[in-house]
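All remarks here apply to the structure that follows.
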Amino acid sequence: MVLESTQVFQRNTAARGKVLQAIERQTGHFTAEDLSQQLPGVGRATVYRTLGVLTRSGYLCKVLLGGNTLHYQVSPEEHHHHLVCIECDRIVDVESCEVADYARETALAQGFQLQRHRLEVYGRCPSCQIG
Ligand SMILES: [Zn+2]
Ligand SMILES: [Zn+2]
Ligand SMILES: [Zn+2]
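In terms of my numbering, the sequence shown opens at residue 351 and continues consecutively.
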């Protein structure tokens, strides 16, 4: 996803720009705390707020890892789901979605207007399986 094409930049500030640069430097997934520690000059509220904006815009996806810690990672543009390894916290993006109908029907059955759904599948990745 091209960042400039999102509306995130319309209310850009210097601090938010620093957060974005730090996010672009991350190689894998990261927590808000990781990011905050790399940005000593930026307030935590700004870090959290920027992460929230970027997650809602689809630039980042968030995944709950072992120990119930929320991690962020730069997202592919397409709607996708996650396979999460419970041993090494590896996150694999899965770009096929087989549950769209289920999500729509479930929402409809309770009178909800569907907005989005998320699905994470947890297990052991090939390199974490024992013999
Ligand atoms: Zn993802
Ligand atoms: Zn693993
Ligand atoms: Zn889906």
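Just so you know, even glycine gets a beta-carbon here, dropped at the ideal spot from N, CA and C.
- In this structure residue 471 does not touch residue 421 by the C-beta definition: roughly 15 Å separates them, more than the 8 Å allowed.
- The Cβ atoms of residue 397 and residue 407 lie no closer than 8 Å to each other.
- A heavy atom of ligand 3 is found nearer than 7 Å to the CB of residue 449.
- For residue 412, DSSP records a beta bridge to 422.
- In terms of CA proximity to residue 435, 413 leads the group 451, 413 and 393.
- When distances are taken from the beta-carbon of residue 425 to the heavy atoms of ligand 1, the shortest one is below 7 Å.
- DSSP places residue 373 in the uninterrupted alpha helix (DSSP H) bounded by 364 to 375.
- The bridge partners DSSP lists for residue 429 come to none.
- Short note on residue 443: C-beta closer than 7 Å to some heavy atom of ligand 1.
- Contact annotation: residue 439 and residue 473 have beta-carbon atoms that are not nearer than 8 Å.
- Residue 443 carries a strand assignment under DSSP once its states are collapsed to helix, strand and coil.
- Residue 411 has its CB nearer than 7 Å to a heavy atom of ligand 1.
- Residue 366 sits buried, since 16 or more C-beta atoms from the chains shown fall within 10 Å of its C-beta.
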